[in-house]
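*Asks:* Note that this note's numbering numbers the sequence shown so that position 99 is 99, with each residue one more than the last. The beta carbon of each residue, even a glycine, is placed where N, CA and C say it ideally should be. This one's a predicted model, so the numbers in the text were calculated from it and none came from an experiment.
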Amino acid sequence: QVQLVESGGGLVQAGGSRRLSCAASGIILSINSMGWYRQAPGKQRELVAKITGVENTYYADSVKGRFTISRDNAKNTLYLQMNSLKPEDTAVYYCNIVMAGSRIYWGQGTQVTVSS
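#1: In or out: Ile69 buried (at least 16 other Cβ within 10 Å) or exposed?
#2: Please classify Asn73: is it buried, with 16 or more other beta-carbons within 10 angstroms of its beta-carbon, or exposed?
#3: With distances taken Cα to Cα, identify the nearest neighbour of Arg45 among Tyr37, Gly107, Ile51.
#4: Once DSSP output is grouped into helix, strand and coil, what is the label at Glu46?
#5: Helix, strand or coil for Glu55 per DSSP?
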């Protein structure tokens, strides 16, 4: 079993920055990828960024150049540095981990609200 706990959400003004963290615990083996997703009210959950087991990164077009995903393997922690935040970035942000055998785990989410 794997537990993911996000933190770092909150209220931030447009143009500001925020760093989200996702601490993973439990039996973590053969990571295929870790990622950040978000879900705004009335919208589907969407992929924001992900990082593979070999450190390749992917970003949604809407966040390219503003968000940076990174991972501290020693701490089993995933980060999302968010800069130049916009009101449309307001959402609940979830982290996820995909391990070998298609084992997928999700965190409980952290709310990010960007005020204009």
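*Replies:* So, from the listed chains and residues:
#1: Counting Cβ neighbours within 10 Å, Ile69 comes out buried, since at least 16 surround it.
#2: Asn73 is classed as exposed because its beta carbon has fewer than 16 other beta carbons within 10 Å across all chains shown.
#3: From the listed residues Tyr37, Gly107, Ile51, the smallest Cα separation to Arg45 is found for Tyr37.
#4: DSSP, reduced to helix, strand and coil, places Glu46 within a strand of the structure shown.
#5: Three-state result, Glu55: coil.
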